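Undergrad:
Numbering (our numbering), first residue to last: 136 to 301.
1) Could you say if the segment 216 to 229 and the segment 281 to 291 meet the contact criterion of at least three C-beta pairs nearer than 8 Å?
2) Run through the segment 223 to 283 for me and flag every whole beta strand (DSSP E) of 3 or more residues, listed as ranges in chain order.
3) What does the alpha-carbon distance come out to for the pair residue 318 and residue 197?
4) Which of the three DSSP states is assigned to residue 218 in this structure?
5) Does residue 166 come out as helix, strand or coil in the three-state DSSP assignment?
6) Which same chain residues end up closer than 6 Å to residue 248 when comparing Cβ atoms and leaving out the 5 residues on each side of it in sequence?
7) Could you give the distance in angstroms between the alpha-carbon of residue 301 and the alpha-carbon of residue 170?
8) Could you have a look at residue 292 and say whether DSSP puts it in helix, strand or coil?
9) Express the C-alpha separation of residue 273 and residue 267 in angstroms, rounding to a whole number.
10) Applying the criterion that 16 or more other CB atoms from any shown protein chain within 10 Å of the CB defines a buried residue, is residue 159 buried or exposed?
11) Can the beta-carbon of residue 262 be found less than 7 Å from the beta-carbon of residue 277?
12) Please classify residue 285: does DSSP put it in a helix, a strand, or coil?
13) Taking the alpha carbon of residue 246 as the point to measure from, which residue in 271, 298 and 185 has its own alpha carbon closest?
14) Counting Cβ pairs, one atom from each stretch, are 3 or more of them under 8 Å apart for the segment 185 to 203 and the segment 162 to 176?
15) For residue 211, which three-state DSSP category applies?
16) Taking only runs of the beta strand (DSSP E) that begin and end inside the segment 165 to 206, which ones reach a length of at least 3 residues, in chain order?
17) Using C-beta distances below 7 Å, list every residue in its chain close to residue 244, excluding the 5 sequence neighbours before and after it, in chain order.
In structure tokens:
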């Protein structure tokens with residue numbers, strides 16, 4: 136009888152004590168997919184429900200409080216301009232999201248060249264970047280309320296600069 140009570144009430148109570156859904160990974164290299172790695176900001180946690188690392192393609196969602204930092208790696212055989220257009224279309228395909236301003240060139244510390252820009256969403260601001268490497272696109276999107284995004288942007292920019300193809 137004690138075993139049944141423990142299984143019925145004890146295990147669920149223990150389960151509620153364990154934080155669900157996030158693993159602290161900041162500051163350590165993380166393999167997204169296809170040899171693409173990134174070092175997330177120190178405070179970053181992974182949301183395992185939206186993260187799918189893989190061999191040929193993969194997605195990772197880092198959370199920095201309410202700020203979402205997403206990297207998607209997919210096979211891609213087009214140009215950088217086509218990859219940027221694809222990402223802009225993905226962003227503006229969400230109701231209320233708008234790309235703002237011009238795109239600027241960006242380069243990682245390991246020499247990957249790409250473009251970056253910004254967007255707005257209801258109650259949120261966002262940044263995006265896209266890089267090409269070895270037949271793959273590396274899409275980066277970051278979004279959050281202005282204050283939180285501003286507070287984390289230095290770490291996020293350093294993280295984006297750490298993206299490399301191994």
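Glycine included, every Cβ here is placed at the ideal spot set by N, Cα and C.
Small disclaimer: the values here were computed from a predicted structure and weren't measured.
TA: Answer, in terms of the structure:
1) no
2) 233 to 242, 248 to 256, 259 to 268 and 271 to 279
3) There is simply no residue 318 to check, as the chain begins at 136 and stops at 301 in what is shown.
4) helix
5) strand
6) 242
7) 5 Å
8) helix
9) 6 Å
10) exposed
11) yes
12) helix
13) 298
14) yes
15) coil
16) 165 to 168, 171 to 173 and 193 to 199
17) 296 and 297
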